[in-house]
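Comments concern the structure below.
Residue numbers (our numbering): 3 to 124.
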């Protein structure tokens, strides 16, 4: 029977932040590009005697992890699926008016994402 090698993994910052830039939008998807990952350290804390013996080596290797992960993540351009097209339904009496967004365009307003377009009422 092999001795267990267990580590608890923590990160600095404790909740790394991924920064993305919106690059496109249609009825089904929002396209983004990953521009940054706030991850400076990955630390392995030993949980068993054997892992304590290996922790120096493991943490030396883990020191390279942030750079490797950033290299793999930065520049990725995933599409994020939208449950439904941007718009809303407004009940008026016994009818419903749908207000959609035709020809959506992306822009920035300060550090916030702004989506504009032509209202399509049906």
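From the three backbone atoms N, C-alpha and C, an ideal C-beta is built for every residue, glycine too.
Bear in mind that the values here come from a model prediction, so they are computed numbers and not experimental data.
*Give the DSSP-derived three-state secondary structure of residue 87 in the structure shown.*
coil
*Tell me, please, which residues DSSP counts as bridged to residue 48.*
9
*Option in 13, 10, 110 and 45 with minimal Cα separation from residue 62*: 45
*Since residue 18 is in the alpha helix (DSSP H), which residue starts that stretch and which ends it?*
Counting along the chain, residue 18 falls outside any alpha helix (DSSP H), and DSSP gives it neither H nor E.
*Cut-off 8 angstroms between Cβ atoms - residues of its own chain near residue 79, not counting five sequence neighbours on either side*: 25, 33, 34, 35 and 36
*With 16 other Cβ atoms within 10 Å as the buried cut-off, status of residue 27*: buried
*Kindly list the residues whose CB is nearer than 6 angstroms to the CB of residue 74, restricted to its own chain and excluding five residues on each side of it in sequence; keep chain order.*
none
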